[in-house]
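The structure appears below as structure tokens.
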Amino acid sequence: MASLELSGVRKAFGSTPVLDDISLSLEAREFIAFLGPSGSGKSTLLRIIAGLESADAGEITLEGQRIDHLPPGQRGVAMVFQHYALYPHMTVRENMAFGLRNARVAKDEIESRVGDAARALEIEELLDRKPGQLSGGQRQRVAIGRALVKHPKIFLLDEPLSNLDAALRMRTRVELAQLRQKVDAAVIMVTHDQAEAMTLADRIVVMNDRTIQQVGPPMEIYERPANVFVAQFVGSPAMTLLPAEPVEGRSQNAKLKLGDGAEVETAVPRSQLKDGELRIGLRPENVRVIAKSKATTRAKVELVERLGERTLIYGRLSNGQAIIAEDEGNSRVKMGDEVGIKIDGAAAHVFDADGTSHHARGRAK
Ligand SMILES: Nc1ncnc2c1ncn2[C@@H]1O[C@H](COP(=O)(O)OP(=O)(O)OP(=O)(O)O)[C@@H](O)[C@H]1O
Ligand SMILES: [Mg+2]
């Protein structure tokens, strides 16, 4: 049975719609990430699930029971906020026990739950300290611990790592992944960090324009983005998008001509494409620097970004369109060079004018 089910959830603040017809179901113990740009309604949706905000329409059920009319404390969910605050005058132990004491849970039970959570989070030796004596990452873990002790069916985490510096973020990400193995609950985590979503989530829910754009496992979102928005939003650096025209011919798969005249044989069946303007989408790893004699086309190099294991080449085609290519780690390419590039047409994505996507048949849905 699906653990959490949302159907037809809508929300407007005054006359401004924020969520339109959101439907989603979560499996028990599933880790879901809400990924989307700022203002796309991620926190609002999470708050609606938590009961901190009411929806204008729609239903929410948890393990088959309607919960949308229940107050937050009775929903079986626990939330860690985007801007969480610990009580500064209380110890870590007291902070973690506070909610349970309010709910009149027995003292022994509180002690045992706080102990278990502290062990899972590896903060046992910090239990008698005050928040002011903790590092950012430790405070973050205490905030998660406060939710953990409630034994929720679902954890709702709103940007749980956003207050941490890069190194700590990475470490806490790993800890979150490990913690996840120990906890018998589903997790919904809001983030605008796609690496975080890709690393932690079983499925990613990509949100934009008040709606869910796509739901799927991380690699499906990356390899088979449902539309132009998802294609551009997921992946770093973003996919190169170029206007393209179909070339007449008898091959089953579409052959497309780029603005500089280069032709690319895609693996997308001609018959799938709608009339009208097309765009081709190319991930950097599918555009390789190569000897000019073997190249699909050429690009003038504007920027060389060395990442160690690979090098990203930001260039322009002869008609001025920007394209990002990849080269090996010890690339000899320099700014101002003209390089040959080989486009892997079989890996190319094709978008109709309305943004619908087409992918190679081999990876068909
Ligand atoms: N209480 C409120 N009253 C009016 N408008 C609100 C309220 N809360 C949120 N909004 C608006 O709703 C939209 C969605 O906000 P929300 O906080 O859900 O976005 P988000 O995806 O979490 O963004 P971020 O990544 O910046 O946290 C925004 O346009 C925001 O301005
Ligand atoms: Mg938010």
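Counting from 5, one number per residue, gives the positions in the sequence shown under the numbering used here.
Backbone N, C-alpha and C define an ideal beta-carbon position, used for all residues, glycine too.
Computed from a predicted structure; not experimentally measured.
task = Indicate whether the contact test is met: 3 or more Cβ pairs, each with one atom in the stretch 207 to 224 and one in the stretch 171 to 182, closer than 8 Å.
result = no
query = Just curious, the beta strand (DSSP E) that Tyr-318 is in, first and last residue?
reply = 314 to 320
task = May I have the straight-line CA-CA distance separating Ser-19 from Ala-295, to the nearest angstrom?
result = 58 Å
query = From what residue to what residue does the alpha helix (DSSP H) around Lys-298 run?
reply = No alpha helix (DSSP H) contains Lys-298, which DSSP labels as neither H nor E.
ask   = Where do the N-terminal and C-terminal ends of the beta strand (DSSP E) with Val-222 fall, by residue?
value = Inspection of the sequence shows that residue 222 is occupied by Pro rather than by Val. From DSSP, Pro-222 is part of no beta strand (DSSP E) but of the alpha helix (DSSP H) over 222 to 227.
For Val-234, the three-state DSSP class (helix, strand or coil) = helix
inquiry  = Let me check understanding here. Comparing Cα to Cα, which of Thr-360, Leu-131, Ser-11, Val-194 lies closest to Asp-162?
reply    = Val-194
ask   = Taking just the CA atoms, how far does Leu-311 sit from Ile-347?
value = 21 Å
message = So, at 7 Å on beta carbons, what are the nonlocal neighbours of Glu-313 in its own chain, with the 5 sequence-adjacent residues on each side left out?
response = Gly-333
request  = Could you tell me which residues DSSP pairs with Asn-257 in its beta bridges?
outcome  = Pro-273
task = Determine the contact status of Val-343 and Gly-319, defining contact as a CB-CB distance below 9 Å.
result = yes
key: Rounded C-alpha distance that separates Gln-276 from Thr-301   = 26 Å
ask   = With Ala-124 and Leu-152 assumed to form a contact (beta carbons below 8 Å), what rounded beta-carbon distance in angstroms separates them?
value = 7 Å
task = Go ahead and pull the three-state DSSP assignment for Phe-102.
result = helix
key: Segment contact, 8 Å Cβ cut-off, at least three pairs: the stretch 85 to 100 with the stretch 140 to 152   = yes
request  = Could you check if Pro-241 is buried or exposed, using at least 16 other CB atoms within 10 Å of its CB as the buried criterion?
outcome  = exposed
query = Alpha carbon to alpha carbon, what distance is there between Ala-350 and Ser-7?
reply = 39 Å
message = Given this structure, state the Cα-to-Cα distance separating Lys-111 from Leu-316, to the nearest angstrom.
response = 58 Å
query = Between Pro-222 and Ala-201, which are expected to be in contact by the criterion C-beta below 8 Å, what is the C-beta distance as a whole number of angstroms?
reply = 7 Å
query = When DSSP labels each residue in this structure, what does Gln-69 get in the three-state scheme?
reply = strand
message = Using only the alpha-carbon positions, how far apart do Thr-115 and Val-219 sit?
response = The question names Thr, but residue 115 in the sequence shown is Glu. If you take the alpha carbons of Glu-115 and Val-219, they lie about 39 Å apart.
query = Could you give the residue range of the alpha helix (DSSP H) that holds Ile-3?
reply = One cannot answer for residue 3 here, as it falls past the ends of the chain, which runs 5 to 369.
inquiry  = Considering Cα atoms alone, identify which of His-155, Thr-215, Gln-185 is closest to Asp-206.
reply    = Gln-185
key: Buried/exposed call for Phe-237, threshold 16 Cβ in 10 Å   = buried
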